[in-house]
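Take a look at the structure set out below.
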Amino acid sequence: MNDVRLYPLTPALIFGANAAIITILSRYFPKVSSQYRQATTYFNFALVAAVFFALARRIALRLTTPFFAAPTVFSSWGTGDGMTIRLDGMSLAFLLLPTLLLLALFWIRQVNNPAAMLWPAGAAAVVFVAANGLSFSLGLLLFDMAGALYWLKHNRLNLAVARLLLSVFTTMALMLAGLPAATAMSGAFLAAALWGRLALLPFIEVARLPQSELSAGDGMFWTAVSAAVGIFTAARFLTAPALPFIQWLTGGILLLNALLAWLHSPAKEGMRRKLLRLILLQPALALLMTPLSARAAITLTLGYSLALGALWITPRVGRPSLAERHWLWIYTAPILATLSLAGMPFTFGWVAFQALFQRLSTGPQPWPAIVILALGIGFSVLYQYWQGLLTGHDKTETTLLTALTLTIPFLLPGVAGIIFNIITGLTLSPAGASTMTGTLTYLLPVWLIAVGLGYARKTLLHQPDLDVAALETIFSLDWLWPHLRRSGDIAGRGVLRVKAIFEGTAYLAWAIFITLVSVVMVILQ
Numbered sequence: 000m001n002d003v004r005l006y007p008l009t010p011a012l013i014f015g016a017n018a019a020i021i022t023i024l025s026r027y028f029p030k031v032s033s034q035y036r037q038a039t040t041y042f043n044f045a046l047v048a049a050v051f052f053a054l055a056r057r058i059a060l061r062l063t064t065p066f067f068a069a070p071t072v073f074s075s076w077g078t079g080d081g082m083t084i085r086l087d088g089m090s091l092a093f094l095l096l097p098t099l100l101l102l103a104l105f106w107i108r109q110v111n112n113p114a115a116m117l118w119p120a121g122a123a124a125v126v127f128v129a130a131n132g133l134s135f136s137l138g139l140l141l142f143d144m145a146g147a148l149y150w151l152k153h154n155r156l157n158l159a160v161a162r163l164l165l166s167v168f169t170t171m172a173l174m175l176a177g178l179p180a181a182t183a184m185s186g187a188f189l190a191a192a193l194w195g196r197l198a199l200l201p202f203i204e205v206a207r208l209p210q211s212e213l214s215a216g217d218g219m220f221w222t223a224v225s226a227a228v229g230i231f232t233a234a235r236f237l238t239a240p241a242l243p244f245i246q247w248l249t250g251g252i253l254l255l256n257a258l259l260a261w262l263h264s265p266a267k268e269g270m271r272r273k274l275l276r277l278i279l280l281q282p283a284l285a286l287l288m289t290p291l292s293a294r295a296a297i298t299l300t301l302g303y304s305l306a307l308g309a310l311w312i313t314p315r316v317g318r319p320s321l322a323e324r325h326w327l328w329i330y331t332a333p334i335l336a337t338l339s340l341a342g343m344p345f346t347f348g349w350v351a352f353q354a355l356f357q358r359l360s361t362g363p364q365p366w367p368a369i370v371i372l373a374l375g376i377g378f379s380v381l382y383q384y385w386q387g388l389l390t391g392h393d394k395t396e397t398t399l400l401t402a403l404t405l406t407i408p409f410l411l412p413g414v415a416g417i418i419f420n421i422i423t424g425l426t427l428s429p430a431g432a433s434t435m436t437g438t439l440t441y442l443l444p445v446w447l448i449a450v451g452l453g454y455a456r457k458t459l460l461h462q463p464d465l466d467v468a469a470l471e472t473i474f475s476l477d478w479l480w481p482h483l484r485r486s487g488d489i490a491g492r493g494v495l496r497v498k499a500i501f502e503g504t505a506y507l508a509w510a511i512f513i514t515l516v517s518v519v520m521v522i523l524q
């Protein structure tokens, strides 16, 4: 009998070992030939392909052999079950995201630093197979350590520290939420931590990605995997809707990302930064949809990230020409990706938006209008993307085939639901007449706003009295961060000073404090 078990940490071990080998070789052999670098790229591709085939074998054997993914005890250290891991349908779906993106980027050689991509992929693989809070917390810490190393590599010490502080805050919130006497306050802490992870920190990170990360796929990969880890965390642990205060903060970040995507110039690599802003809409939507079902989390992550990955990879191919009918297939990838992002029926995007608008329709009335406006502004980027796509003449067959392979299994209407069922064992609910009508009521205004703002962008922004650069500075909140840093520094110094006084470590301050208290007591008497 075939064994359908696959050790859950196998993808993480392969990614991590590969990253360690590359790091050691680059440390001791910094100057290598182009042939060696090309061989390293193909070696990375082969190892990632091995992970993909292992996952595919696991999926194929599950179809013919009844199997329940029981938790595996990784370590008995700790209380209860210790550290347990499990490879279920949800874990498989999330593991496919970094694997497919790495396959595509290594195959077309759009990678600056392979180790900087493999470390987060391995750490994310640990998070996706965690079966209890202890193993999940340690996996999340590993992922954020990999993120800190990623930003240290780009000389961004503040972002590295912010990533580590966010990891500590999230772990603390998970521990509080797991207590037997967990209260609403612990849920609020977890929602605040997820807001920082899903909305605030990615908003800051995308603005600070260097230009080299936009010419390659490193920045896209990090943004997509970081968003997937955040969505997975929200789906696993946030069991109640976020507080209204957190929801309003999330809506604000959603609008700011959409506005910055619309304002940013699409020239040269600017289009790729616009696509990154578009990627950031998905984790914000996930936080508004909590509590998040496994079905909605998987469709939102795979549909959004793989569609934007396909758009990222597809070069500018120019307008279709009937004289070159053998090249018409190259438009399949961007068309399918655009349909899924726009939420067309029977696509992954449709399922995600169906869950989103069902949730928002039962909440306060302003929310549907805010989300419709934000999505309409954000999706106007797709109009500008197609404008640039149709003005080029690059028909690199390898790149186009890669984008097409990445797109078809998950974004083809109708086939997406079958693939989803094969991977996860879950079924996507068919688009019935009532649900289709209700979802289309919300999506039609989104499409109209997107087309209108995309078409009129130049007219609206090229006004003599409009300073687009100043608007980008305002909406990016770059003016706010220095003030918050100074306020935090002052508050931190004040806390340390008070602590030193009450502990008696600052003798002069303690003497002054006692003198003042004595004077007040004398006056009161």
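Mapping the sequence shown onto numbering that gives the first Met the number 0, position 118 (from 1) lands on 117, and the numbers just tick up by one. The C-beta atom is built at its ideal place from N, Cα and C for all residues, glycine as well.
Worksheet entry | Top-ranked residue by Cα proximity to Thr426, from Pro367, Thr404, Ala295 | What you label residue 426 is simply residue 427 of the sequence shown in a count that begins at 1. Of the listed residues, the one whose Cα sits closest to Thr426 is Ala295.
Worksheet item: What number of angstroms, rounded off, separates the C-alpha of Phe142 from the C-alpha of Phe345?
Response: Residue 142 sits at position 143 when you count from the first residue of the sequence shown. Residue 345 sits at position 346 when you count from the first residue of the sequence shown. Looking at the two C-alpha atoms, the distance is approximately 33 angstroms.
Item to complete: Give the range of the alpha helix (DSSP H) segment to which Thr313 is assigned.
Response: What you label residue 313 is simply residue 314 of the sequence shown in a count that begins at 1. Per DSSP, Thr313 belongs to no alpha helix (DSSP H) and is neither H nor E.
Worksheet item: Where in the region 195 to 228 do unbroken runs of the beta strand (DSSP E), each at least 3 residues long, occur, reported from the N-terminal end onward?
Response: none
Practice prompt. Under the assumption that Thr289 contacts Pro240 (Cβ atoms under 8 angstroms), give the Cβ distance between them as a whole number of angstroms.
Written response: For this step, residue 289 is matched to residue 290 along the sequence shown. For this step, residue 240 is matched to residue 241 along the sequence shown. With 8 angstroms as the limit, Thr289 and Pro240 qualify as a contact, their Cβ atoms being about 6 angstroms apart.
Worksheet item: Between Leu148, Leu359, Ile107, Ser90, which lies nearest to Ile230 when the distance is taken from Cα to Cα?
Response: Mapped onto the sequence shown, residue 230 falls at position 231. With distances taken between Cα atoms, Ile230 lies closest to Ser90.
Worksheet item: On the three-state DSSP scale, how would you describe Thr289?
Response: As a first step, residue 289 must be located in the sequence shown, where it is residue number 290. Coil, per DSSP.
Worksheet entry | Selection from Ala45, Gly121, Ser379, Ile21 that minimises the alpha carbon distance to Trp106 | Translated into positions along the sequence shown, residue 106 becomes position 107. For Trp106, the nearest C-alpha among the options comes from Ala45.
Worksheet item: By Cβ distance, which residues of its chain are closer than 6 angstroms to Leu374, with the 5 residues on each side in sequence left out?
Response: Here the question's residue 374 lines up with position 375 in the sequence shown. Within the same chain, Leu374 has close Cβ partners Val445.
Worksheet item: Would you call the CB atoms of Val316 and Leu388 closer than 8 angstroms?
Response: For the purposes of this step, residue 316 is taken as residue 317 along the sequence shown, with counting starting at 1. For the purposes of this step, residue 388 is taken as residue 389 along the sequence shown, with counting starting at 1. Contact flag set, yes.
Item to complete: Could you tell me how far apart the beta carbons of Ile369 and Gly250 are, in whole angstroms, since I believe they sit closer than 8 angstroms?
Response: The residue you call residue 369 lines up with position 370 of the sequence shown. The residue you call residue 250 lines up with position 251 of the sequence shown. That pair is a contact at about 5 angstroms.
Worksheet entry | Collapsed DSSP secondary structure at Asp2 in the structure displayed | On the sequence shown, position 3 is the one that residue 2 refers to. With a pLDDT of 46 at Asp2, under the threshold of 50, the predicted position of this residue should be treated as unreliable, though the coordinate-derived value follows. The answer is coil: DSSP assigns Asp2 none of H, G, I, E or B.
Worksheet item: Mind checking Gly416: buried by the 16 CB within 10 Å criterion, or exposed?
Response: As a first step, residue 416 is located in the sequence shown; it is residue number 417 there, counting from the start. It counts as buried.
Item to complete: Using 10 angstroms around the beta-carbon of Gly491, count the other beta-carbons present and answer buried if the total reaches 16, otherwise exposed.
Response: Reading the sequence shown from its first residue, position 492 is the one you call residue 491. With fewer than 16 Cβ atoms within 10 Å of its Cβ, Gly491 is classed as exposed.
Discussion item. Counting beta carbon pairs with one atom in the region 120 to 131 and one in the region 91 to 101, are three or more of them shorter than 8 angstroms?
Written reply: yes
Fill in: Run of the beta strand (DSSP E) containing Met82, from where it starts to where it stops
Mapped onto the sequence shown, residue 82 falls at position 83. First-last of the beta strand (DSSP E) with Met82: 82 to 84.
Discussion item. Rounded to whole angstroms, what is the Cα-Cα separation between Gly451 and Ile21?
Written reply: Taking the first residue of the sequence shown as 1, we reach residue 451 at position 452. Taking the first residue of the sequence shown as 1, we reach residue 21 at position 22. One C-alpha to the other measures close to 48 angstroms.
Practice prompt. Give the range of the alpha helix (DSSP H) segment to which Ile418 is assigned.
Written response: As a working note, residue 418 is residue 419 in the sequence shown. That run of the alpha helix (DSSP H) goes 414 to 423.
Item to complete: Taking 8 angstroms as the cut-off, decide whether the C-beta atoms of Phe188 and Leu279 are in contact.
Response: Counting from one through the sequence shown, the residue named residue 188 turns up at place 189. Counting from one through the sequence shown, the residue named residue 279 turns up at place 280. No, they are not a contact pair.
Worksheet item: Would you report the Cα separation of Asn1 and Leu54, rounded to the nearest angstrom?
Response: For the purposes of this step, residue 1 is taken as the residue at position 2 of the sequence shown. For the purposes of this step, residue 54 is taken as the residue at position 55 of the sequence shown. Summary for Asn1: the model assigns pLDDT 42, below 50, so the residue's position carries little reliability, and this model does not support an answer.
Practice prompt. Measure the alpha-carbon distance for Ile489 versus Ala159 and round it to whole angstroms.
Written response: Translated into the one-based positions of the sequence shown, residue 489 becomes position 490. Translated into the one-based positions of the sequence shown, residue 159 becomes position 160. C-alpha separation (whole angstroms): 22 angstroms.
Worksheet item: With distances taken from CA atoms, which of Tyr41, Ala59, Leu5 is nearest Arg85?
Response: The residue labelled residue 85 in the question sits at position 86 within the sequence shown. Checking every option, the nearest Cα to that of Arg85 belongs to Leu5.
Fill in: Rounded straight-line distance, which links the Cα of Gly216 to that of Leu443
The residue you call residue 443 lines up with position 444 of the sequence shown. The residue you call residue 216 lines up with position 217 of the sequence shown. For Leu443 and Gly216, the distance between alpha carbons rounds to 32 angstroms.
Worksheet item: Straight-line CA distance for Val167 to Ala234?
Response: Stepping through the sequence shown from its first residue, residue 167 is reached at position 168. Stepping through the sequence shown from its first residue, residue 234 is reached at position 235. If you take the alpha carbons of Val167 and Ala234, they lie about 19 angstroms apart.
Worksheet item: When burial is assigned at 16 or more other CB atoms within 10 Å of the CB, is Phe52 buried or exposed?
Response: Residue mapping note: residue 52 aligns to position 53 of the sequence shown, counting from 1. Label assigned to Phe52: exposed.
Practice prompt. Whole angstroms is fine: what's the gap from Pro319's alpha carbon to Ala332's?
Written response: Taking the first residue of the sequence shown as position 1, residue 319 is located at position 320. Taking the first residue of the sequence shown as position 1, residue 332 is located at position 333. Cα-Cα distance, rounded: 14 angstroms.
Discussion item. I'd like to know whether the C-beta atoms of Met219 and Trp150 end up nearer to each other than 8 angstroms.
Written reply: Locating residue 219 in the sequence shown gives position 220, counting from the first residue. Locating residue 150 in the sequence shown gives position 151, counting from the first residue. Taking 8 angstroms as the Cβ cut-off, Met219 and Trp150 do not qualify as a contacting pair.
Discussion item. Spatial neighbours of Leu8 within its chain, please: C-beta separation below 8 angstroms, excluding the five flanking residues on both sides.
Written reply: Taking the sequence shown and counting its residues from 1, one reaches residue 8 at position 9. Contacts found: Phe73, Ile84, Ala124, Val125, Val128.
Item to complete: Just the C-alpha distance for Ala260 and Gln383, rounded to the nearest angstrom, thanks.
Response: The residue labelled residue 260 in the question sits at position 261 within the sequence shown. The residue labelled residue 383 in the question sits at position 384 within the sequence shown. Rounded to whole angstroms, Ala260 to Gln383 spans 10 angstroms at the Cα level.
Discussion item. Can you give me the C-alpha to C-alpha distance between His461 and Glu471, rounded to a whole angstrom?
Written reply: Position 462 of the sequence shown, counted from the first residue, corresponds to residue 461. Position 472 of the sequence shown, counted from the first residue, corresponds to residue 471. Those two C-alpha atoms are separated by around 14 angstroms.
Item to complete: Give me the Cβ distance between Phe378 and Ala402, rounded to the nearest whole Å; I'm assuming they're in contact under 8 angstroms.
Response: Counting from 1 along the sequence shown, the entry for residue 378 is found at position 379. Counting from 1 along the sequence shown, the entry for residue 402 is found at position 403. Phe378 to Ala402, Cβ: 20 angstroms. No contact.
Item to complete: Mind checking which residues open and close the alpha helix (DSSP H) that includes Thr169?
Response: Numbered from 1 along the sequence shown, position 170 holds the residue referred to as residue 169. First-last of the alpha helix (DSSP H) with Thr169: 156 to 176.
Worksheet item: Can you tell which of Val110, Ser292, Met171 has the C-alpha that lies nearest to the C-alpha of Leu137?
Response: Here residue 137 refers to the residue found at position 138 when the sequence shown is read from its first residue. Considering only alpha carbons, the answer is Met171.
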